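Using the UniProt record's numbering, read the sequence shown as starting at 1 and increasing by one per residue.
The beta-carbon is built from N, C-alpha and C at its ideal position, and this holds for glycine as well.
All figures in this text were calculated on a predicted structure; none of them were measured in a lab.
A short write-up of the structure that comes next.
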Amino acid sequence: LKIRARRSTGKMATPTAAALAHTRRVCSLYKKSLRNLESWYDRRHIFRYHATIMRARFDQHKNENDPAKVAQLVADAEKELFEKQHYQPKKFPMSPGGVAFEREVIPPDWVLDYWHPLEKAHFPEYFARREKRKQEYIVWWEKQYGKSSASDSSHH
1 LKIRARRSTG
11 KMATPTAAAL
21 AHTRRVCSLY
31 KKSLRNLESW
41 YDRRHIFRYH
51 ATIMRARFDQ
61 HKNENDPAKV
71 AQLVADAEKE
81 LFEKQHYQPK
91 KFPMSPGGVA
101 FEREVIPPDW
111 VLDYWHPLEK
121 AHFPEYFARR
131 EKRKQEYIVW
141 WEKQYGKSSA
151 SDSSHH
């Protein structure tokens, strides 16, 4: 008795690429609309009121099936968003364009050398491993570049 595996026809019950692209476009438009409202209304309760109105406007056409009408609705919404965009949109501080973008200072490794011994006592395994690795690095450096002389110990 031989059993043959059924070959897949390639048709699955998933949305098409065009439908996914449309869905992403509408979701992106909705998010941009909310971000624009957030720029216009800085009070949270006022923003939420306008956000629910915006959601109702999007939900009003969510079951539209005519592709031409849907395309026209999206185009009109994008045009309206462009016309009503805020003159100075809100930017999050840590995002590109924000006031604190890439300003997080990561302290260099040598800062840990100046910790007080009582501070180091809180992390004994870490500092023991760190000291071991520092010694390994010094051995590697001296093997690679030679021992430094006493006159080289000063930076000036």
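Inter-residue CB distance, residue i and residue j (contact presumed, cutoff 8 Å)
i, j, result
"valine 74", "arginine 25", "6 Å"
Spatial distance of residue i from residue j (CA atoms)
i, j, result
"isoleucine 46", "glutamate 38", "9 Å"
"histidine 116", "phenylalanine 123", "12 Å"
"serine 149", "glutamate 119", "32 Å"
"lysine 32", "proline 96", "16 Å"
"residue 161", "arginine 103", "Shown here, the chain extends from 1 to 156; a query on residue 161 therefore has no answer."
"alanine 21", "tryptophan 141", "55 Å"
"lysine 143", "glutamate 136", "11 Å"
"alanine 56", "lysine 62", "10 Å"
Beta-carbon spacing of residue i, residue j below 9 Å
i, j, result
"glutamate 64", "valine 70", "yes"
"methionine 54", "tyrosine 87", "no"
"arginine 35", "lysine 90", "yes"
"leucine 112", "arginine 130", "yes"
Chain-order list of residues whose beta-carbon lies under 7 Å from that of residue i (same chain, five-residue window excluded)
i, result
"tyrosine 41", "Phe47 and His50"
"phenylalanine 92", "Gly98"
"phenylalanine 127", "Lys120"
"methionine 94", "Ala100 and Phe101"
"glutamine 85", "Asn36"
Close-in-space but distant-in-sequence residues of the same chain around residue i (CB under 6 Å, 5 per side omitted)
i, result
"arginine 6", "In this prediction, arginine 6 scores a pLDDT of 48, lower than 50, which makes its location untrustworthy; the coordinate-derived value is nonetheless stated afterwards. Hits under 6 Å: none found."
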